[in-house]
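Note sheet for the following structure.
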Amino acid sequence: MCAAPEHELLVAKYQGEVVGSMVLLIGPNLSHSAWPWALVENPIIDQGHRRRGFGRVLMDYAVAWAREARCYRIVLSSDKRRREAHRFYRSLGFEASAHGFRLYF
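Per this note's numbering, the very first residue in the sequence shown carries number 26; after that it's consecutive.
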């Protein structure tokens with residue numbers, strides 16, 4: 026599905042069933058000494074498979090991939106109402122930052 030080396034579709038499977046996924050993107054950067062940065066997009070774990078380690082495995086892989094690509098940071102966004110997800114991201118070492126904006130088409 027992802028033809029570009031800077032894009033990765035990560036999938037978690039359990040007993041042959043897809044139980045989670047996310048997209049990891051590596052982007053170029055003109056600041057920060059031109060070091061790239063990484064974006065985690067659409068992380069999702071099936072409701073019935075949450076709190077079983079699948080999200081952690083996907084996120085650990087994403088962080089390792091970003092480090093290997095020499096990214097200076099990895100970012101993700103999460104709806105402000107998703108407090109359980111925020112706790113999960115903090116448990117992985119992520120810190121709340123910024124104020125996001127969106128424009129839908």
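Every residue, glycine too, gets a C-beta built ideally from N, C-alpha and C.
| Asked | Found |
| --- | --- |
| Decide if the region 69-79 is in contact with the region 33-40; the criterion is three or more beta carbon pairs, one per stretch, under 8 Å apart. | yes |
| If we ignore side chains and look at the alpha-carbon of each, how far apart do residue 52 and residue 111 end up? | 24 Å |
| Is DSSP giving residue 93 helix, strand or coil here? | helix |
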